[in-house]
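Written below as structure tokens is the structure these notes are about.
Numbering (our numbering), first residue to last: 3 to 294.
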């Protein structure tokens, strides 16, 4: 800096910039499997900071970030239904590689990251070439086997150095709100989900029911809790319809695929494709890029 000449250059950042794309994706990878393990109704502000202090530039740090975050919360006093284990598996040259290096990932036919609690998978993030379903399932199985070993290690840490968990009692007010919402609109909400109209019309009907619920109950309860209660009922009805009737929210069955069309030659070196329910019209560069 040219302090002597009383000049301060303007070509440098005076504050920290936004995270890189890799950092954002890693943060999402950590958040996705951990967030559902906090007790429902826990509204305390919780921040997990995963900082890479040292890296060999050969092994990806994102999986270690999930494990470290899981271990940190597990040994803390924060209520948590973990631990969570995480593993990446690559498939290359007819071999499975557990927690591959960057170089091994680069030339692999399958790259899948799996996170979950003991006996249950909570997240699968994958990219691959065209491989068989058997290969994918075997990679997931192997990853979850390693996850169980990681969970055993974290459980041992909890026994050795873990703090006593803070007592958490969910508010009974939420159950009371849920009961009143069900009494008020459950039948009409179920009927709205069965409408054969387009997405926007169905959404408008459901939004009108939500506004009605908030207007009628906001005098007795916080409007945020009322809105959460409505979405909880909506989610439960959607789940019941999928598992019980085999119908997804847009009316498709469990094995139905949307009608997709494509066109080449509209733009240089691009493939234009559309879906009957898509809100955008993506253009895919034939070299591998995707532009929306």
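For each residue, glycine too, the CB sits at the ideal point set by N, CA and C. In this text the structure is predicted, and so the values were computed from the model without any measurement.
Using the three-state DSSP reduction, which class does residue i fall into: helix, strand or coil?
i	result
residue 180	helix
residue 175	helix
residue 22	coil
residue 266	strand
residue 47	coil
residue 277	strand
residue 64	helix
residue 37	helix
residue 203	helix
residue 32	helix
residue 261	coil
residue 59	coil
residue 313	Lying outside 3 to 294, the shown extent of the chain, residue 313 is not represented and no answer is given.
residue 73	helix
residue 194	helix
residue 53	coil
residue 187	helix
Count the other CB atoms, across all protein chains shown, that sit within 10 Å of the CB of residue i; report buried if there are 16 or more and exposed otherwise.
i	result
residue 112	buried
residue 26	exposed
residue 255	exposed
residue 294	The predicted position of residue 294 is uncertain, since its pLDDT is 40 and thus under 50; a value taken from the coordinates is nonetheless stated next. So residue 294 ends up on the exposed side.
residue 35	buried
residue 57	exposed
residue 149	buried
residue 92	buried
residue 232	buried
With a Cβ-Cβ cutoff of 7 Å, do residue i and residue j count as a contact?
i	j	result
residue 87	residue 32	no
residue 85	residue 76	yes
residue 81	residue 170	yes
residue 179	residue 235	no
residue 250	residue 244	yes
residue 73	residue 156	yes
Within its chain, find whatever has a CB closer than 7 Å to the CB of residue i; leave out the 5 residues flanking it on each side and keep chain order.
i	result
residue 65	88, 89, 90, 101, 115
If you drop the 5 nearest sequence neighbours on each side, which residues of the same chain put their C-beta closer than 6 Å to that of residue i?
i	result
residue 153	85, 87, 120
residue 133	111, 112
Give me, in chain order, the residues of the same chain whose beta-carbon lies closer than 8 Å to that of residue i; leave out the 5 immediate sequence neighbours on both sides.
i	result
residue 197	203, 204, 207
query = Whole alpha helix (DSSP H) runs in the stretch 82-170 with 4 or more residues, listed along the chain?
reply = For the stretch 82-170, whole alpha helix (DSSP H) runs of length 4 or above, ordered along the chain, are 104-108, 135-163.
inquiry  = Report the start-end ranges of each alpha helix (DSSP H) in the stretch 205-257 that is 4 residues or longer and not cut off at the edges.
reply    = Runs of the alpha helix (DSSP H) inside the stretch 205-257: 225-242.
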